[in-house]
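*Asks:* Below are the structure tokens for one structure; questions will follow.
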Amino acid sequence: MKPKPSAAASPAAAAKDNAKDNANDPNKRHIDDARALSKLHENNPGKACFWKHGYGTSSGECIKIPKGEYDTHPCHYQANGIKQAKKSTEVYNTRRIPGVKPEKPRDNNQEVAKKLGYLVLDRRANQLRHSTKMEEYVSIAVDIAKRKNASKPGKGDRFLTAYRGRYGSALGRLAQDPHAWDVEYQMNLDSRDSKAVYGATQKSLDVMKTLSKDSASGGTYQGPINFHIVETNESKGFGAWYPYEHEHHHMIPPSAFQEYVLNGLSEDPPLLNYMSRARIVMQGSWNIHDELNMMLLPSEVYPARILDLAAHIPWQMGADHSSYSRELKTKLEGVRDHLDAALKRCKDKPKKERHKVEEQAANDFTKLMREHCEEQREELLDKGFHEIK
1 MKPKPSAAAS
11 PAAAAKDNAK
21 DNANDPNKRH
31 IDDARALSKL
41 HENNPGKACF
51 WKHGYGTSSG
61 ECIKIPKGEY
71 DTHPCHYQAN
81 GIKQAKKSTE
91 VYNTRRIPGV
101 KPEKPRDNNQ
111 EVAKKLGYLV
121 LDRRANQLRH
131 STKMEEYVSI
141 AVDIAKRKNA
151 SKPGKGDRFL
161 TAYRGRYGSA
171 LGRLAQDPHA
181 WDVEYQMNLD
191 SRDSKAVYGA
201 TQKSLDVMKT
211 LSKDSASGGT
221 YQGPINFHIV
231 ETNESKGFGA
241 WYPYEHEHHH
251 MIPPSAFQEY
261 VLNGLSEDPP
271 LLNYMSRARI
281 VMQGSWNIHD
291 ELNMMLLPSE
301 VYPARILDLA
311 AHIPWQMGAD
321 HSSYSRELKT
331 KLEGVRDHLD
341 AALKRCKDKP
351 KKERHKVEEQ
361 AANDFTKLMR
371 EHCEEQREEL
381 LDKGFHEIK
């Protein structure tokens, strides 16, 4: 047995020794601890994970993803959301036309935007332009701005200006190019638009020069690959707004998994608790940030209607979708019951037999969670446009 640190040892040294000894022992150390989590990822990268992750930063409950691993870290959910979208281009590029029966795939997103009235022909200029008469541009946006102004003077005005700017930019790109919103597409940008896309800082412009070349006709630049503006070791990108505002949605959100599975009700707390349930989860291979659990979704209503997809927490109304998570309660409590049943079977059994039971339970858990991820994806696609909040 390893001796305890002597009284002469510094608190920092003692803490370091303790973390090293217990990083992989969930019975001795709370495995939400960032230092222990780092050790778990080093020993078993890309396997089981149910924690939140940040990029290049770290806090008490958010273990960091190192800079330079944007595309490769198995727990980087944004990158995995992009990878999933690349495998599902039919969802974003040629999805069914809303309101048409029998279902018919669209030729491009521009045709649907025109059908729904978001793009209109300016007959004088003989050009497509975004409509400023849609309710998302006028009444709804104005009402939300008023509520935001009531909570804090000026907040709503800033929201409305920024929102209408994004509305015009995203639809303006689609007016120029029928495929401007497609996954795996690069459109040509007018030189006047290039700064708006790549950013006006010198650092961003240097990146643009590296990635883009003047076209033969002059005055245009190649835009970034849609949804995946190239990352570098110094920068994690230019934001989730190109070619339209979007987010990477967890089918099973980390907060819901924590609440209904790991922290769920227990009839026998000494046996059935967060730590014992997490121990089985960590023996499986389900990663909450894996491509299977991710779906790229628009985060504003107008692209969601055009794409016939869910709008992910639109109108800047917060960072969490508690209603969506509550809908998963019954499904996830069934997962918790599966873990608890295995823990009950392990009670008072020899260590070797206990390990076999937990290992099988972990494999079954992994299969069950993957099935739930696929079910959630199908439900979202079948439902079409709605607001996740």
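Each residue of the sequence shown is one higher than the last, beginning at 1 in full-length UniProt numbering. No residue lacks a Cβ here, since even glycine has one placed at the ideal position from N, Cα and C.
(1) Would you tell me roughly how many angstroms separate the C-alpha atoms of His246 and Pro350, rounded to the nearest one?
(2) Under 8 angstroms by Cβ, that's how I've got Arg147 and Gly156 pegged, so tell me the actual separation to the nearest angstrom.
(3) Quick one: is the Cβ of Lys155 within less than 7 angstroms of any heavy atom of the ligand PLP?
(4) By DSSP, does Cys373 sit in helix, in strand, or in coil?
(5) Report, in whole angstroms, the separation of the C-beta atoms of Val183 and Asn93, which I expect to be a contact under 8 angstroms.
(6) Under 8 angstroms Cβ to Cβ from Arg354, same chain only, skipping five residues before and after it: list those, please.
(7) Report buried or exposed for Glu234, applying the criterion of at least 16 other Cβ atoms within 10 angstroms of its Cβ.
(8) I need the boundaries of the alpha helix (DSSP H) containing Arg173, first residue and last residue.
(9) Where does Lys83 sit, in a helix, a strand or coil, going by DSSP?
(10) Can you check whether the CB of Ser139 is closer than 8 angstroms to the CB of Gly117?
(11) Residue range of the alpha helix (DSSP H) that Glu333 falls in?
(12) Is the segment 96 to 110 in contact with the segment 268 to 280, if contact means three or more CB pairs nearer than 8 angstroms?
(13) Name the two residues that bound the continuous alpha helix (DSSP H) containing Gln110.
(14) Could you work out which residue in Glu291, Leu265, Met317, Ile225 is closest to His250 when comparing CA atoms only?
(15) Could you spell out the range, first to last residue, of the beta strand (DSSP E) harbouring Leu119?
(16) Among Glu300, Trp286, Val301, which one has its Cα closest to the Cα of Met294?
(17) Starting from the N-terminal side, write out each stretch of the beta strand (DSSP E) that is 3 residues or longer and does not extend beyond the segment 229 to 313.
(18) Taking the continuous beta strand (DSSP E) assigned at Arg147, which residues delimit it?
(19) On the DSSP bridge list, what partners appear for Lys64?
(20) Suppose you measure from the CA of Ile252 to the CA of Val261; what does that come to, to the nearest Å?
(21) Select from Asn263, Ile280, Tyr185 the residue whose C-alpha is nearest the C-alpha of Pro243.
(22) So the candidates are Phe50, Lys101, Val91, Met317; which of them puts its Cα closest to the Cα of Ala141?
(23) Return the first residue and the last residue of the beta strand (DSSP E) that Arg129 is part of.
(24) Report yes or no: do three or more beta-carbon pairs, one from the segment 164 to 174 and one from the segment 314 to 330, lie closer than 8 angstroms?
(25) Return helix, strand or coil for Asp71, following the three-state DSSP convention.
(26) Is it buried or exposed for Ser215, if we count other Cβ within 10 angstroms and need 16 for buried?
(27) How would you label Pro66, buried or exposed, when you count the other beta carbons within 10 angstroms and need 16 or more for buried?
(28) What did DSSP end up calling Arg96 once you bin it into helix, strand or coil?
(29) Report yes if the CB atom of His312 is closer than 8 angstroms to the CB atom of Leu332, and no otherwise.
(30) Around the Cβ of His265, are there at least 16 other Cβ atoms within 10 angstroms (buried) or fewer (exposed)?
(31) Check whether the Cβ atoms of Ala304 and Ala310 sit closer than 8 angstroms, and answer yes or no.
*Replies:* According to the structure shown:
(1) The straight-line gap separating the alpha-carbon atoms of His246 and Pro350 is approximately 51 angstroms.
(2) Under the criterion of beta carbons closer than 8 angstroms, Arg147 and Gly156 qualify as touching, at roughly 7 angstroms.
(3) This structure lacks the ligand PLP, and indeed carries no ligand of any kind.
(4) The three-state secondary structure of Cys373, taken from DSSP, is helix.
(5) Asn93 and Val183 do touch by the CB rule: their CB atoms are close to 6 angstroms apart, below 8 angstroms.
(6) Around Arg354: Cys346.
(7) Its pLDDT being 47, under 50, Glu234 is placed unreliably in this model, and the value from its coordinates should be taken loosely. It counts as exposed.
(8) Boundaries of the alpha helix (DSSP H) around Arg173: 155 to 176.
(9) Helix at Lys83.
(10) No, these two residues do not count as a Cβ contact at 8 angstroms.
(11) Looking at the DSSP string, the run of the alpha helix (DSSP H) that includes Glu333 is 329 to 346.
(12) The answer is no - the segment 268 to 280 does not touch the segment 96 to 110, with fewer than three Cβ pairs under 8 angstroms.
(13) That run of the alpha helix (DSSP H) goes 109 to 116.
(14) Nearest to His250 by alpha-carbon distance, out of Glu291, Leu265, Met317, Ile225, is Glu291.
(15) Counting along the chain, the unbroken beta strand (DSSP E) around Leu119 starts and ends at 119 to 122.
(16) The shortest Cα separation from Met294 among Glu300, Trp286, Val301 belongs to Trp286.
(17) Considered as a whole, the segment 229 to 313 harbours 246 to 250, 294 to 298 as its complete beta strand (DSSP E) runs of no fewer than 3 residues, in chain order.
(18) That residue, Arg147, is in no beta strand (DSSP E); its alpha helix (DSSP H) goes 139 to 151.
(19) DSSP lists Gly54 as partners of Lys64.
(20) The alpha-carbon atoms of Ile252 and Val261 are separated by roughly 11 angstroms.
(21) Checked all of Asn263, Ile280, Tyr185; the closest Cα to Pro243 is Tyr185.
(22) The option with the nearest alpha carbon to Ala141 is Met317.
(23) Arg129 -> beta strand (DSSP E) spans 127 to 130.
(24) With the cut-off at 8 angstroms, the segment 164 to 174 and the segment 314 to 330 do not touch.
(25) In this structure, Asp71 counts as coil in the three-state DSSP scheme.
(26) Note that Ser215 has pLDDT 45, beneath the 50 cutoff, so the model's placement of it is unreliable and no number is given.
(27) Pro66 should be labelled exposed.
(28) In the structure shown, the three-state DSSP call for Arg96 is strand.
(29) At least 8 angstroms separates the beta-carbon of His312 from that of Leu332.
(30) The sequence given here places Leu at residue 265; His does not occur at that position. Label assigned to Leu265: exposed.
(31) For Ala304 and Ala310, yes; Cβs fall inside 8 angstroms.
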